[in-house]
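Using our numbering, read the sequence shown as starting at 97 and increasing by one per residue. Worksheet: the structure to be examined is printed underneath.
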Amino acid sequence: IVVGASSTPHAEILEQVKDTLAKDGWTLEIKVFDDYVLPNKALADGELDANYFQHTPYLESFNASNGTDLAAAAKIHYEPFGIYGNGVSDLSELAEGATIIIPADDSNETRALLLLQQEGLIELPADASAAKGVTVLDIVDDHGYSIQPVQADTVPAQLKNANPGTIAVINGNYALQAGLHSSDALALESADGDAAQTYANIVACRKGDENSEKIQALISALQSDAVKQYIADTYNGAVVAIF
97 IVVGASSTPH
107 AEILEQVKDT
117 LAKDGWTLEI
127 KVFDDYVLPN
137 KALADGELDA
147 NYFQHTPYLE
157 SFNASNGTDL
167 AAAAKIHYEP
177 FGIYGNGVSD
187 LSELAEGATI
197 IIPADDSNET
207 RALLLLQQEG
217 LIELPADASA
227 AKGVTVLDIV
237 DDHGYSIQPV
247 QADTVPAQLK
257 NANPGTIAVI
267 NGNYALQAGL
277 HSSDALALES
287 ADGDAAQTYA
297 NIVACRKGDE
307 NSEKIQALIS
317 ALQSDAVKQY
327 IADTYNGAVV
337 AIF
């Protein structure tokens, strides 16, 4: 079974199921990609049996842009967005007019705003959803806070250099890179929430292969108690199993 994956955490998680698959007669070959386009092209071209690096909205966008017919076969994990503070240890301490820094691109902006609403900091339209998408222009009530969208990968640095009393919504992977841990977060995306379900990282395959023996063997190995435990022990809440 040849699977394309990002190095962290996807390839690391796949390494955990090599022995399980071997016992069932499958050899797992993991091909690591540091790019988001090539693993889908390689899957569409038949070089891979599956890939594990993306969420369904990205897959659907890729299909629409490239005329491919790739499908989501199973949800494995999500990387929760967190709210982190500079000189703020609890959201109840947030001062009137405080600055809230959020990532400024498509799905990231949507997730950030949904998390702020989850915590009662802003109000969005009643029909706001992860699938539909929202931007700062859709905010119904910002409760007087100054919400500043910036480039996603700069959010941790901007929070660090901001005035005390500022908070920021940070992607799981950028938080990890900045040395922040989910235990430091003032709030995290709920696993039951719309965003976690929508942006769960998936095993993808060519449409029609979802129920093939190979793909079902891979999913069965990944969606195990052992993998759930590995994720919990290794990533300290920055990666959360969603099966």
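Note that beta-carbon positions come from the ideal geometry of N, C-alpha and C, so glycine has one too.
Considering Cα atoms alone, identify which of Gln213, Ala194, Tyr148, Gly193 is closest to phenylalanine 129. Tyr148
With a threshold of 8 Å, are at least 3 pairs of Cβ atoms found where one atom belongs to the region 157-172 and the other to the region 112-120? Taking a cut-off of 8 Å for Cβ pairs, the region 157-172 and the region 112-120 do not touch, as fewer than three such pairs fall below it.
Taking valine 251 as the reference, give the member of Asp201, Glu189, Leu124, Ile315 with the closest Cα. Asp201
In terms of alpha-carbon separation, which member of Glu108, Glu215, Ala253 lies closest to tyrosine 326? Glu108
Can you name, in chain order, every residue of its own chain whose Cβ lies under 6 Å from the Cβ of threonine 164, other than the five neighbours on each side? Ala140
With 16 other CB atoms within 10 Å as the buried threshold, where does valine 133 fall? Result: exposed.
What does DSSP give as the partner residues of threonine 294 in its beta bridges? Beta-bridge pairing links threonine 294 to no other residue.
Just list the residues that DSSP pairs glycine 121 with in beta bridges. In the DSSP output, where bridge partners are listed per residue, glycine 121 has none listed.
Could you pull the DSSP bridge partners for leucine 187 from this structure? According to DSSP, which records beta bridges pairwise, leucine 187 is partnered with nothing at all.
If you measure between the beta carbons of leucine 282 and isoleucine 179, is that distance less than 9 Å? yes
According to DSSP, is proline 245 helix, strand or coil? strand
Exposed or buried, what is phenylalanine 339 when buried is set at 16 or more other beta-carbons lying within 10 Å of its beta-carbon? exposed
Along the alpha helix (DSSP H) that carries asparagine 310, what are the first and last residues, could you check? A small correction: the amino acid at residue 310 is lysine; asparagine does not occupy that position in the sequence shown. It spans 309-318 - the alpha helix (DSSP H) in which lysine 310 sits, taken as one unbroken run.
Whole-angstrom Cβ separation of alanine 194 and glycine 261, contact assumed at under 8 Å? 5 Å
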